[in-house]
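Take a look at the structure below.
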Amino acid sequence: MIQLYNVYKTYNNTPALVDISFIIKKGAFVFVTGPSGAGKSTLLKLLYRWENYDRGQVLVNGTNVGKIKFNRLWKLRRKIGVVFQDYKLLQRKTILENVAFVLEIVGADKKTIRFKAWEALKNVGLSHKKDAYPMELSGGEQQRVAIARALVNNPKILLADEPTGNLDPELASEILHLFEQANNEGTTVVFATHSQIILQEGNHAVITLKQGKIVDTRVVV
Amino acid sequence: MRTLKTTITNIKSNKQLFFASVGTITIALSILGLFLFVYINLNSVLSFWNDQVQLIVYLEDEVSMHEKKKLEKMVSSHSEVESFDFVSREKAWKNFQAMFSEKSAFLKGMGFNPLPASFNLKIKPTPNRLEKIRTLAEQMKQLPGVESVEYGEEWISRFEGFIILMRVFLLALGALLSLGAVLIISNTVKLSISSRKDEIELMLLSGGTPGFIQLPFFLEGILHGLLGAVVSLALMKSIHLYVVNQFQGAIETFGRSMDFQFIPFPLIMTIVMASILVGWLGSFFSLHQFLGVYKKL
Numbered sequence: 009m010i011q012l013y014n015v016y017k018t019y020n021n022t023p024a025l026v027d028i029s030f031i032i033k034k035g036a037f038v039f040v041t042g043p044s045g046a047g048k049s050t051l052l053k054l055l056y057r058w059e060n061y062d063r064g065q066v067l068v069n070g071t072n073v074g075k076i077k078f079n080r081l082w083k084l085r086r087k088i089g090v091v092f093q094d095y096k097l098l099q100r101k102t103i104l105e106n107v108a109f110v111l112e113i114v115g116a117d118k119k120t121i122r123f124k125a126w127e128a129l130k131n132v133g134l135s136h137k138k139d140a141y142p143m144e145l146s147g148g149e150q151q152r153v154a155i156a157r158a159l160v161n162n163p164k165i166l167l168a169d170e171p172t173g174n175l176d177p178e179l180a181s182e183i184l185h186l187f188e189q190a191n192n193e194g195t196t197v198v199f200a201t202h203s204q205i206i207l208q209e210g211n212h213a214v215i216t217l218k219q220g221k222i223v224d225t226r227v228v229v
Numbered sequence: 054m055r056t057l058k059t060t061i062t063n064i065k066s067n068k069q070l071f072f073a074s075v076g077t078i079t080i081a082l083s084i085l086g087l088f089l090f091v092y093i094n095l096n097s098v099l100s101f102w103n104d105q106v107q108l109i110v111y112l113e114d115e116v117s118m119h120e121k122k123k124l125e126k127m128v129s130s131h132s133e134v135e136s137f138d139f140v141s142r143e144k145a146w147k148n149f150q151a152m153f154s155e156k157s158a159f160l161k162g163m164g165f166n167p168l169p170a171s172f173n174l175k176i177k178p179t180p181n182r183l184e185k186i187r188t189l190a191e192q193m194k195q196l197p198g199v200e201s202v203e204y205g206e207e208w209i210s211r212f213e214g215f216i217i218l219m220r221v222f223l224l225a226l227g228a229l230l231s232l233g234a235v236l237i238i239s240n241t242v243k244l245s246i247s248s249r250k251d252e253i254e255l256m257l258l259s260g261g262t263p264g265f266i267q268l269p270f271f272l273e274g275i276l277h278g279l280l281g282a283v284v285s286l287a288l289m290k291s292i293h294l295y296v297v298n299q300f301q302g303a304i305e306t307f308g309r310s311m312d313f314q315f316i317p318f319p320l321i322m323t324i325v326m327a328s329i330l331v332g333w334l335g336s337f338f339s340l341h342q343f344l345g346v347y348k349k350l
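As given, the protein sequences belong to chains A and B, one line each in that order. If you read the first sequence in our numbering, its first letter stands for residue 9, the second for the next number, and so on. If you read the second sequence in our numbering, its first letter stands for residue 54, the second for the next number, and so on.
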């Protein structure tokens, strides 16, 4: 599903990723960990082509993402759901509208939008707050909305960039459980975190980065 | 439908800026329109005068009957001549006397008739009428028995020169004001884009097609242009009606068949289309600049 071969990325001559190679199979759950500035976010950004790499190859679902033209990137991104540490919820919209927005973007019809958005909120336990605005929710709830939004289009891949970074351990564990649930339903999950508690709680494969290099991997049998 | 909804939401959230921008375009177009209005009417004055232009062929005093007959034959059979009058020396003198009757004492004191006989030629109305008069005048000048020809060439040429200058001025003004309008619209749309930066990023992240993302902003730019054009044309029409009400009487004494003209329909359509194009260009530039950042990533 995701293949990286000798990938290099630099920012103003500072190496961000150095000779990164790995393969993540379809339906896998993989943690990417490492200290701040290790290159976790950069690695994820390469997968949905928010950033491009300097050398090597990144294949997502068999497509060389580095070669996709800007006007065609939407095809790649519709297969990928992304969850951010800062949630990226639209403050002017209700949480139902926030989730529905992604369905509007892909051109779903009104009936489907209403049904799927509501169902996605129900799956993260927030259907009763559908008319609330993001500001009126707690951090954990906002992150659940972000997950619902990332999953509403049934993406093949779910990427999460420190989704529990702002949450206390109990909430973090709850959020991890939502990702595992999505994984159980067949979504490939790449979860970037620096939290050891999360890593220990979830028994999944781990890629450890340090200064842009892979320094350790844990494979789950 | 969604695009229109998004566009309206965009405009609502930047209401003041939108109206300020439309207002500026209206003013720019109105300035252009006023000059156009003046130009069109001057042009119609020119064509009115053009219609009045006669080619007067003055004959030598010693013209022979044979020469006169030959000239008459040539004039009457010429394809460009619609009609002609022969004014004899005596008739010319009588006309002159009638015209200046208050100076009759002085005229009576003149012991001779100084006026030449003439053919007054009316030329068929064709688009290049003036050019044809010019050619015919040149031909006539060469003929035996013709003393001189006259058709007010100098002032017509001068007036034509002025009209050409006005045309160049209008084009330059139009180009300059359009450039200004593009910049204004581009800035307004840029602010509209900035205020929705998060939304656009989310669209990019969630697989929104470039068309889906850009269309509402294109529409916003186009609306700027369209509204600016419509408001300024309405303004121009009111000015036109006011001028007609106030000054139609005055212009009728000047030329009975003349009236103040409004900008003709094809030109109105051109103004509207050009304004829409300007609006589209403004949003195109700001979108190009904004999305350029993401293209480079």
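Note that beta-carbon positions come from the ideal geometry of N, C-alpha and C, so glycine has one too.
C-alpha distance - residue i paired with residue j, whole-angstrom precision
i, j, result
"A:N60", "A:N20", "14 Å"
"B:M289", "B:G345", "40 Å"
"B:L99", "B:V75", "35 Å"
"B:I253", "A:A116", "18 Å"
"B:I246", "A:A158", "24 Å"
"B:L174", "B:S136", "6 Å"
"A:G89", "A:F187", "11 Å"
"A:T120", "A:I155", "19 Å"
"A:T71", "A:L84", "8 Å"
"A:G35", "A:V197", "7 Å"
"A:D169", "B:K349", "22 Å"
"A:L97", "A:P142", "7 Å"
"B:I292", "B:E213", "26 Å"
"B:L95", "B:I216", "8 Å"
"A:S44", "B:S285", "58 Å"
"B:K351", "B:G260", "Outside the shown range of chain B, which is 54 to 350, sits residue 351 of chain B, and nothing can be said about it."
"B:S97", "B:N148", "30 Å"
"A:V132", "A:F39", "21 Å"
"B:L320", "B:K123", "48 Å"
"B:G227", "B:A287", "19 Å"
"B:R220", "B:T323", "16 Å"
"A:I31", "A:P177", "30 Å"
"B:R211", "B:F159", "35 Å"
"B:R55", "A:G47", "39 Å"
Burial state of residue i (16 or more Cβ within 10 Å)
i, result
"A:G42", "buried"
"B:D138", "exposed"
"B:S141", "exposed"
"B:F318", "exposed"
"B:Y295", "exposed"
"B:A225", "exposed"
"A:T201", "buried"
"B:N63", "buried"
"B:K194", "exposed"
"A:Q151", "buried"
"B:L232", "exposed"
"B:Q69", "exposed"
"B:V242", "buried"
"B:P11", "No statement about residue 11 of chain B is possible, as the shown extent of chain B runs from 54 to 350 and does not include it."
"B:S83", "buried"
Cutoff 8 Å; reference residue i; Cβ partners in own chain excluding five residues on either side
i, result
"A:V15", "L25, D27, I28, S29, L54, Y61, R63, G64, Q65, V66"
"B:L223", "L85, F88, L89, Y92"
"A:E149", "L134, K137"
"B:L279", "V325, S328, I329, G332"
Residues near residue i in its chain [Cβ-Cβ closer than 7 Å; skip 5 each side]
i, result
"B:L334", "V235"
"B:R185", "Note that residue 185 of chain B is Lys in the sequence shown here, rather than Arg. Closer than 7 Å at Cβ, skipping near neighbours: E133, I176, T179."
"A:I206", "T172, A180, L184"
"A:K87", "N69, P163, K164, I165"
"A:R57", "V73, I76, L81, L84"
Residues near residue i in its chain [Cβ-Cβ closer than 6 Å; skip 5 each side]
i, result
"A:P23", "G220"
"B:P197", "E120"
"B:A170", "L112, S141, R142"
"B:V116", "G198"
"B:S239", "G335, F338, S339"
message: Against chain B, which members of the region 107-126 of chain A pass a CB distance test of less than 8 Å?
response: Near chain B, meaning a CB-to-CB distance below 8 Å, the residues of the region 107-126 of chain A are F109, V110, E112, I113, V114, G115.
- prompt: In chain order, what residues of the region 257-288 of chain B put their CB closer than 8 Å to some CB of chain A?
  reply: Considering only beta carbons, the part of the region 257-288 of chain B lying closer than 8 Å to chain A consists of L257, L258, S259, G260, G261, T262, P263, F265, in chain order.
message: Tell me which residues of the region 206-227 of chain A have at least one Cβ-Cβ distance to chain B shorter than 7 Å, keeping chain order.
response: Those would be none; no residue qualifies.
message: Tell me which residues of the region 66-98 of chain B have at least one Cβ-Cβ distance to chain A shorter than 8 Å, keeping chain order.
response: Taking 8 Å as the Cβ-Cβ cut-off against chain A, none of the residues of the region 66-98 of chain B qualify.
message: Quick check on the DSSP output: what are the complete alpha helix (DSSP H) runs of length 4 or more inside the region 177-208 of chain B, in order along the chain?
response: Whole alpha helix (DSSP H) segments, 4+ residues: 182-195.
- prompt: Which residues, in order along the region 155-184 of chain B, keep a beta-carbon less than 7 Å from a beta-carbon of chain A?
  reply: Hits within the stretch: zero.
Entirely enclosed alpha helix (DSSP H) segments - the region 52-127 of chain A, minimum 4 residues: Entirely contained in the region 52-127 of chain A, the alpha helix (DSSP H) runs reaching 4 residues are, in chain order, 81-85, 103-113.
message: Extract the residue ranges of the beta strand (DSSP E) inside the region 72-153 of chain B, only unbroken runs of 3 or more that lie entirely within it.
response: Counting only runs that start and end inside the region 72-153 of chain B, the beta strand (DSSP E) elements of at least 3 residues fall at 107-112, 134-140.
query: In the region 205-227 of chain B, which residues sit with their C-beta less than 9 Å from some C-beta in chain A, listed in chain order?
result: Taking a C-beta cut-off of 9 Å against chain A, none of the residues of the region 205-227 of chain B qualify.
message: Please identify, using Cβ separations under 9 Å, the residues of the region 321-348 of chain B that lie next to chain A, in order along the chain.
response: From the region 321-348 of chain B, only L344, Y347, K348 have a Cβ closer than 9 Å to chain A.
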